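In terms of my numbering, the sequence shown opens at residue 6 and continues consecutively.
Virtual Cβ for every residue (Gly too), placed ideally from N, Cα, C.
Bear in mind the structure is a predicted one, so any value in this text is a computation, not a measurement.
Right, one structure below, let's go through it.
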Amino acid sequence: MPKAMILAAGHGTRLLPLTLDQPKALVLVAGKPMIVHVINRLRQFGFDDIIVNLHYHGEKLKQFLSSEKFEGMTFTFSDESEQLLDTGGAISKAKWFFNDEMPFLVHNCDIISYVSLDKMIEFHVDRKAIATLAVSKRKTSRLLAFDQQGNLIARFDPAMNNNVKALAYSGICVLDKNIFSFMPEKGAFSIIDIFIKASKSSIVAAYEHEPDIWVDAGSIKNIVKAEQLLKNVHL
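Quick look at the structure:
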């Protein structure tokens, strides 16, 4: 079974004051820390070896994951206490963890979704992609542009022609080990920049899902939406 990474190092500023004394991964959604929903989702698809990056209140998150009984799950921690590395830098720092040839999954800790992770991995392998991004049609200021075959081109610009599909990244991706060849070995950088860089010579594919099976629970207003999703969707 492929390994997975949960990105959980951010400050959670959109969740203030709930994150004054705890990491956003431990903010409750439907009575459970949001990261527990992510872990349960990963476990449902057979993921049992997970690395979690730590920065803001990292020790609290480490203690929680180390003390809770997640049967059959193994957690490894990537310490970013000295420098927050952004999404790309976090994945690059964890390169050593992904020490086999299998694709691996990266999942933001504040994403509550019912994206079919097994089908996403199958799609990734079938497309022979270096990266496959869960995406959907929704309003955001940070759209990505894909061609009609679902291959990433660039960040979306309204001046682009009508043949371009404007889609929003959903904070879940499947990556091939070759993605590391496009990354700096150290420092903070966005994984989106790496996706765009890699798309010039490799397939970075869109795995499109319906927007109503996904919520970004990283803001106060969206916690209620996430709780409604968990209540209403039974998959």
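Relative to the Cα of residue 218, the nearest Cα in the group 224, 232, 192 belongs to 232.
Comparing alpha-carbon positions, the option among 108, 9, 210, 16 lying closest to residue 66 turns out to be 16. Here residue 73 carries a coil assignment [DSSP, helix/strand/coil]. Excluding sequence positions up to five before and after residue 215, its CB lies within less than 8 Å of the CB of 141, all in the same chain and listed in chain order.
Remark: C-beta atoms of residue 85 and residue 110 do not approach each other more closely than 8 Å. If you ignore the 5 residues before and after residue 135, its C-beta comes within less than 7 Å of the C-beta of 181, 183, 184, 203, 207, 208, 209, all in its own chain and listed in chain order. The bridge partners DSSP lists for residue 112 are 11, 177. Secondary structure of residue 194 (DSSP, three-state): coil. Partner residues in the beta bridge of residue 148, as assigned by DSSP, are 173.
By the CB criterion at 8 Å, residue 157 and residue 201 fall inside the cutoff. Under DSSP, residue 156 shares a beta bridge with 210. Selection 27, 230, 235 evaluated against residue 63 yields 27 as nearest (Cα-Cα). When the beta-carbon positions are compared, residue 172 and residue 151 come within less than 8 Å of each other.
In the three-state reduction of the DSSP assignment, residue 238 falls in the coil class, being assigned neither a helical nor a strand state. If you draw a straight line from the Cα of residue 8 to the Cα of residue 163, it comes to about 37 Å. In terms of Cα proximity to residue 94, the closest of 104, 50, 12, 167 is 12.
If you look at residue 56, you'll find it in the beta strand (DSSP E) that goes 54 to 59.
Residue range 136 to 141 is occupied by the beta strand (DSSP E) that includes residue 138. Contact annotation: residue 10 and residue 51 have beta-carbon atoms that are not nearer than 8 Å.
Within the DSSP secondary-structure output, residue 219 pairs in a beta bridge with 118.
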